[in-house]
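If you're matching positions, the sequence shown starts at 275 in my numbering and goes up one per residue.
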Amino acid sequence: MKSDSKTYRFFFGRRGETRLPFGAMLLILVPFLIVGLYFQNRKYNALSANPEHTSTVISNIGYIGNSGPIIHYSFTVNSITYNGGMHANGFAVGDSIGVVYQKDNPENNMTVFEYYDVPSYGSVAIFVLAAIVLAIYRWRKINRKYNDRCPELDCSGKCMIYRTDNGYIFVTVYHVTASLPIKFLPVSCGNGEFENTLMEIFHASLHEKYVELKSSELIKAMKQRSWRQLYQHSTGVLLKHDSRTLEILPTRKATDGKGLEWDYDRALSFDIDGASWKDIIKSTRKLLNNNETER
């Protein structure tokens, strides 16, 4: 499962995220809840099928954290002593209390209060409903935030894209110097393929280490004869982002006719949290195609 997919982020959160995401908490808590309910119900059914009553006294009252007092009791069946306990308020050591135990298995026992109250699943139902509501809320939030598969971008990254007559060339910009890896796509590629390639390059610029190439080596890796030919027969855009904004800076033919220069008048800026990734991709490709007639 890709780390930029909505399903991955629902269950595991963002790559490198230290806090436990809601989906992971559900994966951990819900199985424990289901298993606990199963054994509680099984215990009660076995006890109610063969109950036996007795009385005893509270032998001790203990506390675990802030969960309230726990009364402890013991009783004897056929010269064997069995123990039990429950959360309860208003009791003192020495108070009499009724106990119901399973006749053929006295270890399965509970106070008469628990037995005649019948297991209540109201709190469980509330938990499950709350979990469902929160899950739906988080899923809708992810769908909104990643509208058109918009990923979360951490730190800062850069990518240079050239559009030639034959296709697109994606080049990792590591800090300020272009280096490997380089990706190629045909001009006819879809927006989804364009986005996936762009994200690979962004990820490389953030997390990978590459040996910087000389200009002559880089242009060969880009499958071009020379920088001059590339500049004469291509348009380009520089995409750079931090955790909040993404900027697209296009190029234009230099005034001296010998290369490309930045076209700040057509530069675009997007708020990552509110922008549609589809709009970002379309805007990028439009800027790359604008000067097509000039090539």
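Ideal placement from N, C-alpha and C gives every residue a C-beta, glycine not left out.
Boundaries of the beta strand (DSSP E) around V511: T509 to H515. Distances from the alpha-carbon of D537 to those of K552, V511 and I554 put V511 closest. Relative to L504, the option among P343, P305 and S489 whose CA is nearest is S489.
By the neighbour-count criterion, in which a residue is buried when 16 or more other Cβ atoms sit within 10 angstroms of its Cβ, I338 is exposed. In this structure, A528 sits away from E521, with a CB-CB distance that is not shorter than 8 Å. When C-alpha distances from S462 are compared across T330, N563, T355 and N324, the shortest belongs to N563.
Closest in C-alpha terms to S543, from the list V351, Y390, K494 and L523, comes L523. Going by C-alpha positions, I546 is about 15 Å away from L472. In the three-state scheme derived from DSSP, where H, G and I count as helix and E and B as strand, G466 is classed as helix. For T328, the beta-bridge partners assigned by DSSP are V373. Using a Cβ distance threshold of 8 Å, Y390 and N383 do not count as a contacting pair. Per DSSP, the continuous beta strand (DSSP E) segment holding D545 begins and ends at L542 to D545. A distance below 6 Å between beta-carbons, with the five flanking residues on each side excluded, links F365 to the following residues of its chain, in chain order: I332 and I345. In the three-state reduction of the DSSP assignment, N357 falls in the strand class, which pools E and B. Between the C-alpha atoms of A541 and K514 there is a straight-line separation of about 12 Å.
Annotation: Y318 to G342 spans about 23 Å, alpha carbon to alpha carbon.
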